[in-house]
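In our numbering, the protein residues as written are 4 to 227. Each residue gets a CB set at the ideal place from its N, CA and C atoms; glycine is no exception. Below is one structure, written out as C-alpha cells; comments come after it.
Written out as C-alpha cells, the structure reads:
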C-alpha cells in the first residue's frame, strides 16, 4: 500500500529514552517509565502497560471550575509504555524547566508534564472576581511541560518601562515574577471585537515576558 500518508515523518518511532518528545507540531509523545501527568481527555493513543487515573485538584480546583467553568483537570498515567497527547490539533511546545524557573500558564493551555514539576492553581493577583476571576497554574521545579496554543504564539517582552496589556481570553502564560493587575479602558472597548463600552485587559509589569495566542475564542464558544 502506497501513500504520502505513510511518509516517515508520520510514523511513530521506537522510544530511545523515557520522557517527553514532540511527535509532530500537533502532538506530544511521552515514553512512560513510572508516572506522568496529563490533561484529562488529551490522550489520543497508547501502547504498553499503562493505567490512567483521574487526579483531584483539591478545594482550589473545585472553586476554579465553579467560578469560571474551566480548570486544570488532570489524570495520572502510570506504568511502562508510550502515550500520545493532543488537544484540538493545537500547536504543541515543550518547555524545559531548570532550577529556579517559574512560569504561570493558563489551565486551558496545559497538555502534559513530568511529575518532577510542581504546580499550584492560583487566582491571578489583582484580578479579583472581575472578568470571571482569573485562575492560572504556577509551575516550578525541574522537568518538562508541554503546552498547546491555538495558532502560533506571540512572545512579548515586558520591561519596567513598558508594561504589556493583554486580552484575558488570549493570554497563554507569563513569567511568574511579573506583577499582574486589571486595566480598564473605555476607549479601547469600542475598538476590539466589535464591542462597545469598557474593555478590561490583564496588565503585566516588571521584567519578563508574556505568551499570547492569536485567538480570542474560548473553548466554550469554539465547542458550539
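Between residue 178 and residue 146 the beta-carbon gap is near 18 Å, outside 8 Å, which marks them as no contact. 9 Å or more divides the Cβ of residue 213 from the Cβ of residue 151. Under DSSP, residue 38 forms a beta bridge with 81. At a Cβ-Cβ threshold of 9 Å, residue 203 and residue 185 count as neighbours.
For the 9 Å CB-CB criterion, residue 106 and residue 123 do not form a contact. Note on geometry: alpha-carbon atoms of residue 23 and residue 8 lie some 24 Å from one another. Residue nearest to residue 170 within the set 181, 218, 153 and 164 is 218 (criterion: CA-CA distance). Remark: fewer than three beta-carbon pairs, one from each stretch, lie closer than 8 Å, so the segment 92–102 and the segment 15–22 are not flagged as touching. Residue 160 and residue 4 have their C-alpha atoms spaced approximately 50 Å apart.
One thing to note: residue 76 has its Cβ no nearer than 9 Å to the Cβ of residue 26. In the structure shown, the three-state DSSP call for residue 91 is coil. According to the DSSP assignment, residue 14 belongs to no beta strand (DSSP E), since it is labelled neither H nor E.
When DSSP states are grouped into helix, strand and coil, residue 111 belongs to the helix group.
Listed in chain order, the non-local C-beta contacts of residue 32 below 6 Å within the same chain comprise 24, 26 and 87, local neighbours out to five positions each way being set aside. When secondary structure is reduced to three states using DSSP, residue 106 falls in the strand class.
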